[in-house]
Amino acid sequence: MITRPLPFFLEDRSGQYNGSDFDEVYDRVFLRVARPSPSQAAHFAETTFMVYDTGRRSSSQRHSRPPPREPSVILEFGPNGALGTISFVGSSVSLPMSQYLRKTSMFAGPLSRKFTGSNGEEYRWIYRGVKEHEWSCVDSRDYVVAHYTLKPPEKPAYNTSGNMLTIYEPFTHMAVEILSSLTIMRHLAASKF
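In terms of this note's numbering, the sequence shown has 103 at position 90, counting the first letter as 1, and numbering is strictly consecutive.
1) Let me confirm a value: A54 is counted as buried when at least 16 other C-beta atoms fall within 10 Å, else exposed. Which label applies?
2) Any idea what DSSP makes of H186, helix, strand or coil?
3) If you follow the alpha helix (DSSP H) that P51 is in, where does it begin and where does it stop?
4) Mind pulling the beta strand (DSSP E) runs of 3 or more residues that sit fully within the segment 84 to 132?
5) When we look at the beta-carbon of H186 and count the other beta-carbons within 10 Å, is it buried (16 or more) or exposed?
6) Taking the runs of the beta strand (DSSP E) that are 3 residues or longer, which of them lie wholly in the segment 128 to 162?
7) From Y113, L108, L44 and M177, pick the residue whose C-alpha is nearest to that of G68; which is it?
8) Where does S174 sit, in a helix, a strand or coil, going by DSSP?
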């Protein structure tokens, strides 16, 4: 019998960085990355994404309805895939993405970036640095905080997408921050910056 808390295992329903539901397999948290709802769209650029803590599991019917809550984070990307602004709605903090998610060094490529979490600690995203992980997030001691894995296209999926964001227990309170920073990193990779 396991007596310690389990990590969050968030199934990424679509595998697309620009819109997907992240449902925890044990129903502990439900996150969503989506474009603004039609009522919000007039206030945001086409390249804006919102991160929601939806409070409930996704369903095929929900894809046609906007989430019932306000977003936790707003990601406003610039033109032509450029970085823009990240806004944390609850704390009313907005800053340039390049300031929030900084390159790890002057000579580092665009897919090696670090951010300071709400707990004051520094975290770093690594692209394909760990076998079988598309992305890994480590802390300043190189302890793996979270990792993201995409299902290889040649492997079959049975009642699941096979795409998984795993957030280890001491960091589960940072799930929205981790997903937001991962979304920016995946945007950079897709934009080939």
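We put the beta carbon where it would ideally sit given N, CA and C, even for glycine. Since the model is a prediction, treat every value here as computed from it, not as a measurement.
A quick look at the data gives this:
1) Walking along the sequence shown from the start, residue 54 turns up at place 41. Classification of A54: exposed, given that the 10 Å Cβ count is below 16.
2) Here residue 186 corresponds to residue number 173 of the sequence shown, with the count starting at 1. Note: H186 maps to helix in three-state DSSP.
3) Here residue 51 refers to the residue found at position 38 of the sequence shown. It spans P51 to A54 - the alpha helix (DSSP H) in which P51 sits, taken as one unbroken run.
4) Segments of the beta strand (DSSP E) lying fully in the segment 84 to 132: 86 to 89, 98 to 101, 106 to 109 and 126 to 129.
5) Position 173 of the sequence shown, counted from the first residue, corresponds to residue 186. With fewer than 16 neighbouring CB atoms inside 10 Å of its own CB, H186 falls in the exposed class.
6) For the segment 128 to 162, whole beta strand (DSSP E) runs of length 3 or above, ordered along the chain, are 135 to 140, 148 to 152 and 157 to 162.
7) Locating residue 68 in the sequence shown gives position 55, counting from the first residue. Among Y113, L108, L44 and M177, the Cα nearest to that of G68 is on L44.
8) Here residue 174 refers to the residue found at position 161 of the sequence shown. It is coil, neither helix nor strand.
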